[in-house]
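A.B. asks: Sharing a structure, written as structure tokens. Questions coming.
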Amino acid sequence: MSLHLLKLCVGATGIDDLRGWVSQRSMAAIAAGLEPHTVHTTRMTPKRRDELLDGGSLYWVISGQIRARQALLDITNHTDGEGIQRCDLVLAPQVVDTVPVPRKPFQGWRYLKAEDAPRDLDFGDGGDEMPDELRAELAELGLL
């Protein structure tokens, strides 16, 4: 069973904002001749690396709710320019909408068990064009 990470998406106003950031980073990577992966750098390295890389994702908390996820592709370590150890979470370029789940603020990241992870939203009916606020409200009411 997969294990996931949960992290606050600081600075993002919504899923579209996160998608814009991921798209920018992916395009910059492609322009540099690299794979279009997104890298999110953290201070601490997860100890449960193998479980996370066995189909895990990074779930993003945006405006107090788990709203989206990106698949974890790799977890690497490096030393920054100041000699401090850092951890890079290598993420797939796709941002997947999830059922909104309220979450209180926290620092750093947290492990998220597969059974506690919100399900992905299915937009087979064209709902991906729905505004974030309306989608969140309908999901909160159990209508999505």
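Sequential numbering of the sequence shown, starting at 4, is according to this note's numbering.
We put the CB at the ideal spot given by N, CA and C, even for glycine.
Per DSSP, His43 is paired with what?
C.D. replies: Within the sequence shown, the letter at position 40 stands for residue 43. Paired residues: Leu92.
A.B. asks: Please state whether DSSP places Ile78 in a helix, a strand or coil.
C.D. replies: Sequence index remark: in the sequence shown, residue 78 carries index 75 (1-based). Here Ile78 sits in strand by DSSP.
A.B. asks: So what's Ser60 in DSSP terms, helix, strand or just coil?
C.D. replies: In the sequence shown, counting from the first residue as 1, residue 60 sits at position 57. Note: Ser60 maps to strand in three-state DSSP.
A.B. asks: Counting pairs of beta carbons, one from the region 51-59 and one from the region 93-112, are three or more of them closer than 8 Å?
C.D. replies: Taking a cut-off of 8 Å on C-beta distances, the region 51-59 does not touch the region 93-112, as fewer than three cross pairs fall below it.
A.B. asks: Would you mind reading off the limits of the beta strand (DSSP E) that contains Leu55?
C.D. replies: Taking the sequence shown and counting its residues from 1, one reaches residue 55 at position 52. Premise fails: Leu55 lies in the alpha helix (DSSP H), 52-55, not in any beta strand (DSSP E).
A.B. asks: Could you say if the region 65-83 and the region 6-23 meet the contact criterion of at least three C-beta pairs nearer than 8 Å?
C.D. replies: Counting Cβ pairs under 8 Å, three or more are found: they touch.
A.B. asks: Any idea if Leu75 is buried or exposed, counting beta-carbon neighbours within 10 angstroms, 16 or more meaning buried?
C.D. replies: What you label residue 75 is simply residue 72 of the sequence shown in a count that begins at 1. Per the 10 Å Cβ criterion, buried.
A.B. asks: Here's a check: name, in chain order, each residue in its chain whose Cβ is nearer than 8 Å to the Cβ of Leu8, leaving out the five neighbours to either side.
C.D. replies: The residue labelled residue 8 in the question sits at position 5 within the sequence shown. Only Pro49, Leu55, Gly59, Ser60, Leu61, Tyr62, Leu75, Leu92, Trp112, Arg113, Tyr114, Leu115 meet the Cβ criterion.
A.B. asks: Please say whether Cys90 and Thr41 have beta carbons closer to each other than 9 Å?
C.D. replies: If you number the sequence shown from 1, residue 41 lands on position 38. If you number the sequence shown from 1, residue 90 lands on position 87. No, Cβ-Cβ distance for Thr41 and Cys90 is not below 9 Å.
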